[in-house]
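As structure tokens, the structure follows; a few thoughts come after it.
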Amino acid sequence: MRKAIAAEAAKHGFLILICLVVFYPLLLMIQMSFKDVGQIIYAFFKVEPPFHFENYARAWKQVYPMIGNSLIISGGTALLSVVVALFAGYAFGRLRFPWKEQLFWVIFAKLFLPGVLNLVPAFVLAWKLGLLNSYWAVILFGASASLPFWIFVMRTFVQQQPQELFECAKIDGAGETQTFVWIAVPLLRPMIALLMINVFIAEWNNYIWPLVTLTSPDKRPITVGLAFLTSSFPGDYGPLMAGYVIATVPLLLLFSLGMRQFVQGLTSGAIKI
Amino acid sequence: MNHPIKALNTKTYKFGSKSASSGKLWLTGLLFVMPALVLTLLFDYYPILSGVYHAFYRWDGAQTEKFVGFDNFVEIFQDRVFWISVKNMAIILVSHILLMIPTIVACIVLFRLRSGRSQYLYRLLFCIPMVVPMLVTMLLWQFMYNPQFGFFNQLLDAVGLDEYKQLWLGDPDLALGSLLFMGFPWINTIAALIYLGGLQGVDGSIWDAAKMDGVGPITQALRIELPLIKGQFKLNMVGVISGTITGYGTQLVLTNGGPGNSTLVPGLYMYQRAFGGNTEFGYASAVGLLLFGIALLITVATLKMIKSE
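Top to bottom, those sequences are chains A and B.
Using my numbering, read the first sequence as starting at 1 and increasing by one per residue.
Using my numbering, read the second sequence as starting at 274 and increasing by one per residue.
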């Protein structure tokens, strides 16, 4: 019994240590966001007054249009991606239709292709389609890029479900579309949350593609904007760190909303229906 | 772009005529996958094919489009800078694969906690770094490596080891290592969630059986947990490999390949040739085509290797 308690304590100690190391840079970011240059140089590790809240006011003025741009781009991409991947993943995992395996491989094989090969021609395509400097350039290409992985994940998840669940609905006289809407979608809810949060975050993080396609400063998403601000105001770390914190808040809010889906687990509840 | 779709529809019709209900089923399936197929073909495959085609051209996307045969490839193979970038990429790839281990270990430890509440809490904590935008993390680490006011040199100052202060990202010998150390202790949230999903499929009786056998914690990991997450491991491994070969965001943001090409990777090299002043789109596409080959070979070989075990 005592041995078991010691083992539990060791596990907790290990995990707490990991968490502390992971969080340290973030704590550093937050404490620095309240400092002026002098405090950063001479009192780097100290948390002491005066706290410079005006850093946030200065940062917000620069950052809020970029946040708006990022919200539009990331939200649009996540919505488009989830709808398309859900239909395709379910069909590839459950339905029977000609060329199913071949079509799946056409999409899945994209996962193995380096994104760098298509960067330049994609830029030319966006240019020829007149999408340059439009949010659509980022949304359409972003959603398409996310599809192979998420269709694969959705398909695997659908295949792993007890197939009786789907069969039951069929016996009750439901068509494929009804089975999809009433059985598969609720069953896939944790995956839907996982996909939406991940695609949203991936787009929120997207840097290279918007850097190349969104040329005017008023279209810049938060990533491109922050990198631009960092190189334009070297050494002005207080307001910069405040800007970094502000850029993190929307993802934090999103995560708190989707947290239950996330942590509830991927398989629990399926068979209880 | 319309041809494949048309061909599919005719095929459905022909097969479907056997029985009405199965024909409808086929149509449903095809309709369900159609949007994904159209988006993938237009925005993923068309650019790739265009890239393959233009790898044999001198191309700037506008006026210049001249067939040059294998000239781009000859130029690449004689390009010393390209080979430096390949060497760097190889080092990064091996490191990234090894750095998958901490996430697996952390997940197994987490999963063995007795209390469900603690498991939940740590999962939540593991997720928090994900809410910090990747670019912010990069800029933050760039700051931590800053020679004047960065964390590492300030720490060395504070503990009286200031003679060990470094230029970090500014030192050609340390820059690549510093980039790899970024993100210590390398817990990947998405990978962790995927592993934990796999571990959750476990029937509780397995644990009791293991206890009765009296196996140690490492044997238990080898016999029970690792086989359970084999599928998830493959999935993550493929992601790591393709991500490393295609990725150059870290290098672009933190060092732009410098100092002196010490952190240059092929993807970044291509980016620079295409968007760094000259629009050498054809040459960049040729580098892309080579990367495509390398990535495909390594990924297929990895999958084969894992499968044969």
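By construction, the Cβ of each residue, glycine as well, lies at the ideal position given by its N, Cα and C atoms.
Grab me the residues of residue i's own chain with a C-beta within less than 7 angstroms of its C-beta, minus the 5 sequence neighbours each way, in chain order.
i: Phe424 (chain B); result: Met417
i: Lys287 (chain B); result: Here Lys287 (chain B) scores only 40 on pLDDT, less than 50, and its place in the model is too uncertain to base an answer on.
i: Val245 (chain A); result: Met29, Ile30, Ser33
i: Ile201 (chain A); result: Leu251
i: Lys110 (chain A); result: Pro148
Just the chain A side, please: which residues come within less than 9 angstroms of residue i by C-beta, in chain order?
i: Thr376 (chain B); result: Going along chain A, no residue has its Cβ under 9 angstroms from Thr376 (chain B), so there is no contact; the nearest lies around 10 angstroms.
i: Phe454 (chain B); result: Within chain A, no residue comes near Phe454 (chain B); the closest Cβ sits about 12 angstroms away, beyond 9 angstroms.
For residue i, report the span of its beta strand (DSSP E) as first-last.
i: Phe340 (chain B); result: 338-340
i: Tyr521 (chain B); result: Counting along the chain, Tyr521 (chain B) falls outside any beta strand (DSSP E), and DSSP gives it neither H nor E.
i: Arg387 (chain B); result: Unbroken run through Arg387 (chain B): none, as it is neither H nor E.
i: Trp182 (chain A); result: Counting along the chain, Trp182 (chain A) falls outside any beta strand (DSSP E), and DSSP gives it neither H nor E.
i: Arg331 (chain B); result: 330-332
Quick check on this structure: which residue in the options has the alpha carbon closest to the alpha carbon of residue i?
i: Phe51 (chain A); options: A:Ser33, A:Arg58, A:Pro65; result: A:Ser33
i: Gly238 (chain A); options: A:Gly38, A:Tyr24, A:Val153; result: A:Gly38
i: Phe87 (chain A); options: A:Pro148, A:Lys35, A:Ala126; result: A:Pro148
i: Ile192 (chain A); options: A:Gly89, A:Arg2, A:Ile73, A:Ile67; result: A:Gly89
i: Gln439 (chain B); options: B:Pro458, B:Asn419, B:Phe565; result: B:Asn419
i: Thr517 (chain B); options: B:Leu499, B:Pro500, B:Leu569, B:Ala494; result: B:Leu569
i: Gly530 (chain B); options: B:Val341, B:Leu442, B:Val306, B:Ala379; result: B:Leu442
i: Leu564 (chain B); options: A:Leu194, A:Tyr42, A:Val116, A:Phe53; result: A:Val116
i: Thr337 (chain B); options: B:Ile349, B:Leu413, B:Gly522, B:Asn551; result: B:Asn551
i: Tyr319 (chain B); options: A:Ala227, A:Leu113, A:Gly225, A:Ser74; result: A:Leu113
i: Ile460 (chain B); options: B:Gly487, B:Leu447, B:Leu372, B:Glu348; result: B:Leu372
i: Phe108 (chain A); options: B:Ile502, B:Ser515, B:Leu413; result: B:Ser515
Going along chain B, which residues have a C-beta under 9 angstroms from residue i?
i: Trp105 (chain A); result: Those do not exist, as Trp105 (chain A) stays about 11 angstroms from chain B at its closest Cβ, beyond 9 angstroms.
i: Cys168 (chain A); result: Here the premise fails: no neighbours, minimum Cβ distance about 17 angstroms.
i: Ile183 (chain A); result: Residues of chain B passing the Cβ test: none, with the nearest at roughly 14 angstroms.
Taking 6 angstroms as the limit between beta carbons, can you name the residues of its chain near residue i, skipping five residues before and five after?
i: Ser558 (chain B); result: Gly324, His327, Ala328
i: Val83 (chain A); result: none
i: Pro277 (chain B); result: Its pLDDT being 40, under 50, Pro277 (chain B) is placed unreliably by the model, and nothing is read from it.
i: Cys400 (chain B); result: Thr462
i: Tyr556 (chain B); result: Asn345, Arg546
i: Val538 (chain B); result: Ser358, Asn361, Met362, Tyr521, Gln524
Quick one: what's got a C-beta closer than 8 angstroms to residue i's C-beta in the same chain, skipping five residues either side?
i: Gly596 (chain B); result: Given a span of 274 to 582 for chain B in the structure shown, any question on residue 596 (chain B) remains unanswerable.
i: Gly533 (chain B); result: Pro445
i: Ala4 (chain A); result: none
i: Val511 (chain B); result: Thr572, Thr575, Leu576
i: Lys291 (chain B); result: With a pLDDT of only 43 at Lys291 (chain B), under the threshold of 50, the placement of this residue in the model should not be trusted, and no figure is reported.
i: Thr519 (chain B); result: Gly540, Leu564, Ala568
i: Gly265 (chain A); result: Residue placement at Gly265 (chain A) is flagged as unreliable, the pLDDT there being 45, under the threshold of 50; the coordinate-derived value follows with that caveat. Excluding residues within five positions, the ones whose Cβ falls inside 8 angstroms are Pro190.
By the criterion of Cβ-Cβ separation under 7 angstroms, what are the contact partners of residue i in chain A?
i: Phe548 (chain B); result: Val212
i: Met543 (chain B); result: Val116
i: Ala574 (chain B); result: The contacting residues do not exist; Ala574 (chain B) stays about 12 angstroms from chain A at best.
i: Val341 (chain B); result: Under the 7 angstroms cutoff, chain A gives no residues; its nearest Cβ is about 16 angstroms from Val341 (chain B).
i: Ala363 (chain B); result: Within chain A, no residue comes near Ala363 (chain B); the closest Cβ sits about 15 angstroms away, beyond 7 angstroms.
i: Met417 (chain B); result: Pro25
Which term fits residue i, buried or exposed, when burial requires 16 or more other beta carbons within 10 angstroms of its beta carbon?
i: Ala143 (chain A); result: buried
i: Ile579 (chain B); result: exposed
i: Leu125 (chain A); result: buried
i: Leu508 (chain B); result: buried
i: Phe104 (chain A); result: buried
i: Trp356 (chain B); result: exposed
i: Pro121 (chain A); result: buried
i: Asp317 (chain B); result: buried
i: Glu101 (chain A); result: exposed
i: Ala335 (chain B); result: exposed
i: Ile18 (chain A); result: buried
Whose Cβ in chain B lies nearer than 8 angstroms to the Cβ of residue i?
i: Ser216 (chain A); result: Under the 8 angstroms cutoff, chain B gives no residues; its nearest Cβ is about 17 angstroms from Ser216 (chain A).
Using the beta-carbon of each residue, which ones in chain A are nearer than 8 angstroms to residue i?
i: Leu298 (chain B); result: Leu95, Arg96, Phe97, Glu176
i: His369 (chain B); result: In chain order: nothing, as chain A lies at least about 15 angstroms away.
So is residue i in contact with chain E if we call contact Cβ pairs under 8 angstroms?
i: Tyr64 (chain A); result: Given the protein chain composition of this structure (A and B), no chain E is represented.
Can you pull the chain B residues whose beta carbon is under 7 angstroms from the beta carbon of residue i, in chain order?
i: Ser144 (chain A); result: Leu312, Thr313, Phe316, Asp317
Name the two residues that bound the continuous alpha helix (DSSP H) containing residue i.
i: Leu113 (chain A); result: Looking at the DSSP string, Leu113 (chain A) is not in any alpha helix (DSSP H), and its letter there is neither H nor E.
i: His12 (chain A); result: 2-32
i: Trp209 (chain A); result: 208-213
i: Asp446 (chain B); result: First-last for Asp446 (chain B): undefined, no H or E at that position.
i: Phe316 (chain B); result: Careful: Phe316 (chain B) lies outside any alpha helix (DSSP H) and carries neither H nor E.
i: Ser81 (chain A); result: 54-94
i: Lys170 (chain A); result: 164-171
i: Trp341 (chain A); result: As shown, chain A starts at 1 and ends at 273. That puts residue 341 (chain A) outside it, with no answer to give.
i: Thr230 (chain A); result: 222-232
i: Arg353 (chain B); result: 353-371
i: Asn426 (chain B); result: 424-431
i: Leu194 (chain A); result: 189-205
i: Thr492 (chain B); result: 490-493
i: Pro458 (chain B); result: Careful: Pro458 (chain B) lies outside any alpha helix (DSSP H) and carries neither H nor E.
i: Gly540 (chain B); result: 539-548
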